[in-house]
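Just so you know, we're using the working numbering here: the sequence shown kicks off at 71 and counts up by one. Below is one structure; the comments refer to it alone.
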Amino acid sequence: MFDSGDSERILVLAPTGRDAGAGCALLRQAGLAATSCFGIGELQAELDKGAAAAVIAEEAFSGADLAPLFDWVSNQPPWSDFPFIILTTRRDDPRLRRYTLGLIDKLRNVTLQERPIQTLTLVSSAQAALRARLRQYEAARYLREREQAASRLEATVQERTQQLQEANNDLVAAQESLTMALEAAQMRTWHLDVADGEKAGLLKADGASGAARSVLLAEWNKIVADRVLQEDHEAIGTALEQALTSGKLHVECRVVGPDENLRWVVAEGRLHRDDHGNPLRLVGTIRDVTERRQAEESLRQTQKLEVIGQLTGGVAHDFNNLLTAVLGNIELATLRTRDQSVLDVLRRASMAAERGAKLTSQLLAFARKQHLAPRVVSLNELVSSMGDLLLQTIGATIRIETVLEKDIWSVLIDPTQLELVILNLAINSRDAMPNGGRLTVATRNMRPSDRHRPAGLAERDYVAISVADTGSGMTQEIAAKAFEPFFTTKAVGQGTGLGLSQVLGFAQQSGGEVRIETRVGQGTTITILLPRSRESLLRVVDEDGSVVHDGKAATILVVDDDAAVRELTVQALQAMNYRVLEADAGRRALEAIRHADTLDLVLIDLVMPGMNGRQLATRIRADDPRRPILFMTGYDDLSGSDDPFAHEMVIKKPFKLVELSAAVGRALEARSGEPQPWNVRPIRQPKKT
71 MFDSGDSERI
81 LVLAPTGRDA
91 GAGCALLRQA
101 GLAATSCFGI
111 GELQAELDKG
121 AAAAVIAEEA
131 FSGADLAPLF
141 DWVSNQPPWS
151 DFPFIILTTR
161 RDDPRLRRYT
171 LGLIDKLRNV
181 TLQERPIQTL
191 TLVSSAQAAL
201 RARLRQYEAA
211 RYLREREQAA
221 SRLEATVQER
231 TQQLQEANND
241 LVAAQESLTM
251 ALEAAQMRTW
261 HLDVADGEKA
271 GLLKADGASG
281 AARSVLLAEW
291 NKIVADRVLQ
301 EDHEAIGTAL
311 EQALTSGKLH
321 VECRVVGPDE
331 NLRWVVAEGR
341 LHRDDHGNPL
351 RLVGTIRDVT
361 ERRQAEESLR
371 QTQKLEVIGQ
381 LTGGVAHDFN
391 NLLTAVLGNI
401 ELATLRTRDQ
411 SVLDVLRRAS
421 MAAERGAKLT
431 SQLLAFARKQ
441 HLAPRVVSLN
451 ELVSSMGDLL
461 LQTIGATIRI
471 ETVLEKDIWS
481 VLIDPTQLEL
491 VILNLAINSR
501 DAMPNGGRLT
511 VATRNMRPSD
521 RHRPAGLAER
531 DYVAISVADT
541 GSGMTQEIAA
551 KAFEPFFTTK
561 AVGQGTGLGL
571 SQVLGFAQQS
581 GGEVRIETRV
591 GQGTTITILL
601 PRSRESLLRV
611 VDEDGSVVHD
621 GKAATILVVD
631 DDAAVRELTV
641 QALQAMNYRV
651 LEADAGRRAL
661 EAIRHADTLD
671 LVLIDLVMPG
681 MNGRQLATRI
691 RADDPRRPIL
701 FMTGYDDLSG
711 SDDPFAHEMV
721 IKKPFKLVEL
731 SAAVGRALEA
741 RSGEPQPWNV
751 RPIRQPKKT
């Protein structure tokens, strides 16, 4: 009904004169689809075709058989609450008021409008009703999609169950009780003697990896008391009571397996009776649905974190632009004064701004938008090199252990970021062990065939690095929120709540995953799973970029839509002796390039409205493939393998002036193929006027 072409119509029922036609004309002038009706029967027929609302003059109800209309309202689907607008005339007769109240009760969703009614009021009421109806349609579509998804899932489950039943049909013997007890493990079946409450048979739970675990449970009460989670006892008791009357059992609950892991199972059964109709026993199946439950929860969590990541990434981008201008202008101001009191103020301002830059870096890490410098790394070497740092960080009351797998595979990651991740996890563990304990950092190779491999991973080799503690642990409710940005259980002022979100962002941006295992009072283990790299290990020495380039005759075009950042960058480059052009948009940059006599480098902000940085760079390279380009970014990333500019030089906002100088110098060196002259003196201070 809501998908038909008539579903957005406004029906107008006014049996007197030309009122219906006039009302339709007014609604059509306001851009609404309207259809006139001249009786309750015609209105009923139009409702069956589809409509968004109905405007009815109260006299239309007089003497009409309203029962079919009331039935139509009562039989609406769950998502539908059809809106009626009734045009009434003010009267003081109590009987009429009672009659009107009765109509409202029967029609349910009613808006009363008193006549004479203004055109604007009528149109506004109709528009409001249409908007409400459209929201109902949206809910209907959502419900339909959910029902279809549930049907597909149920069909898959039924198909698998049918396959299992067909595969085991030949094993069913004539003697039901003995045969079912022997075959229960293979069929994942059970039976319960209702008469004395004893349960016999074998319950077999399938793990996500296909490994089978069996446990013989002598009594049903024992499985409820020892295996089923306390919170689910009442649901099982209710399901059993209903099965004794309905003859069918269906219950979903959480059980603790022999390996102490929590699993979701669905038990279904049918009641068998003796010749006198008395309950004899329940016979049924049990299946492990942990993987399905985990997949559904993982999908919900992923969608939620993705939305939060997009929001935090956008905020960090804008904040980085502000910090670039703040830090740069602080540096310029520092160069223009020798007053120590002023320098102290500027130093404190710079420290505060740099703390803000660190915060945005954590936000970008969660949003998977930070700029990484990946290289092939051995996790064993990285962990071993952090021993002293970890010891100094967490203190002597906590014992540090490392369990490093021999011949660990290599991974392609940013080692500096991974060190920060491990340090974050170690600090969290320290805070969870105020009275001391044990911190274990372990590495391990994981193949697709590994029995202990976490569920939901791609079919590829991974290298796992885990940080485990013997601290206070977390409840499952807290663990489900642990990776959300700004979520923390610490006291105010003791943490930003970005530590674990940064861990998640780094892992996902590196192509990996994160898993958390925790129990209250027993500790927490965070495992980062990184894709195996088959590249050879490289020993890389970091460069020192803390020098200032002497611009001499080089000409640079600065393109940035943020005026504060652009002005700062231009001033800084001019202070380095460069000749600088500027543009606030891609099209103006192209015009500047066409009119420039010489141009040695284009400095482009990646994220700009209209023509963004990538699009501008593509236009520039189309005209001159050798034109040097240096990107600036406080949000976007060029590390994707399919990005045509993945190998271009990038400077990350907020940047210091020495970092800007070093990046520009390297870009100019790449252009000329020869080292440029470097000037290690401070940036030249402008002459005082």
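We put the CB at the ideal spot given by N, CA and C, even for glycine. These numbers come from a predicted model, not from an experiment.
{"Item": "Unbroken stretches of the beta strand (DSSP E), 3 residues or longer, contained in the region 294-353", "Value": "318-326, 332-343"}
{"Item": "Residues that R357 bridges to, as DSSP identifies them", "Value": "V336"}
{"Item": "Straight-line gap, P85 to R214 (C-alpha atoms, nearest Å)", "Value": "37 Å"}
{"Item": "Alpha-carbon to alpha-carbon, R324 and A365", "Value": "16 Å"}
{"Item": "At least three beta-carbon pairs within less than 8 Å, the region 221-228 to the region 174-187", "Value": "no"}
{"Item": "Distance between I596 and S571 (C-alpha atoms, nearest Å)", "Value": "12 Å"}
{"Item": "Three-state secondary structure assigned by DSSP to H619", "Value": "Because the pLDDT of H619 is 48, which lies under 50, any placement of that residue in the model is unreliable, and the number read from its coordinates should be weighed accordingly. Reduced to three states, the DSSP call for H619 is strand."}
{"Item": "V590, buried or exposed, once every other Cβ within 10 Å from all chains shown has been counted against 16", "Value": "exposed"}
{"Item": "With 16 other Cβ atoms within 10 Å as the buried cut-off, status of Q487", "Value": "buried"}
{"Item": "M421, buried or exposed, once every other Cβ within 10 Å from all chains shown has been counted against 16", "Value": "exposed"}
{"Item": "Alpha-carbon to alpha-carbon, S454 and L461", "Value": "12 Å"}
{"Item": "Start-to-end residues for the alpha helix (DSSP H) that takes in P601", "Value": "No alpha helix (DSSP H) contains P601, which is instead part of the beta strand (DSSP E) from 593-603."}
{"Item": "Check whether W479 and D531 have beta carbons under 8 Å apart", "Value": "yes"}
{"Item": "Start-to-end residues for the alpha helix (DSSP H) that takes in G93", "Value": "89-99"}
{"Item": "Rounded separation between V82 and R216 - CA only", "Value": "34 Å"}
{"Item": "Sequence-distant residues of its chain with Cβ nearer than 7 Å to A305 (five each side left out)", "Value": "V321, C323"}
{"Item": "E289 in three-state terms, based on DSSP", "Value": "Its pLDDT being 40, under 50, E289 is placed unreliably in this model, and the value from its coordinates should be taken loosely. Of the three classes helix, strand and coil, the one that applies to E289 here is strand, per DSSP."}
{"Item": "V635 to E547 span [Cα, whole Å]", "Value": "43 Å"}
{"Item": "Contained alpha helix (DSSP H) runs [length at least 4] in the region 625-649, N- to C-terminal order", "Value": "633-645"}
{"Item": "Residues bridged to I126 [DSSP beta-bridge criterion]", "Value": "L83, I156"}
{"Item": "Alpha carbon of E129 to alpha carbon of Q99, nearest angstrom", "Value": "25 Å"}
{"Item": "Whole-Å CB distance - A653 paired with V629, under 8 Å assumed", "Value": "5 Å"}
{"Item": "Supposed contact pair R508 and T540 - C-beta distance, whole angstroms, cut 8 Å", "Value": "5 Å"}
{"Item": "Environment of K476 [buried if 16+ CB atoms lie within 10 Å]", "Value": "exposed"}
{"Item": "Cβ neighbour criterion (16 or more within 10 Å) applied to N498", "Value": "buried"}
{"Item": "Identity of the residues DSSP links to H522 by a beta bridge", "Value": "Partner(s): none; H522 has no beta bridge."}
{"Item": "Top-ranked residue by Cα proximity to K52, from E583, G704, L262", "Value": "Residue coverage of the chain in this structure runs from 71 to 759, which leaves residue 52 outside it and unanswerable."}
{"Item": "Three-state class that DSSP yields for F725 in the structure shown", "Value": "coil"}
{"Item": "Proximal residues to R343 (C-beta, below 7 Å), its chain only, five neighbours per side dropped", "Value": "P349, L350"}
{"Item": "Residues near T394 in its chain [Cβ-Cβ closer than 6 Å; skip 5 each side]", "Value": "V635, K723, P724"}
{"Item": "Beta-carbon gap between L700 and A659 smaller than 8 Å", "Value": "no"}
{"Item": "I470 (DSSP reduced to helix, strand or coil)", "Value": "strand"}
{"Item": "Pair within 8 Å by beta-carbon distance, F715 and R736", "Value": "no"}
{"Item": "G465, buried or exposed, once every other Cβ within 10 Å from all chains shown has been counted against 16", "Value": "exposed"}
{"Item": "Contact check, T355 vs R333, beta carbons under 8 Å", "Value": "no"}
{"Item": "Neighbour-count burial assignment, Y648, 16 or more Cβ in a 10 Å radius", "Value": "buried"}
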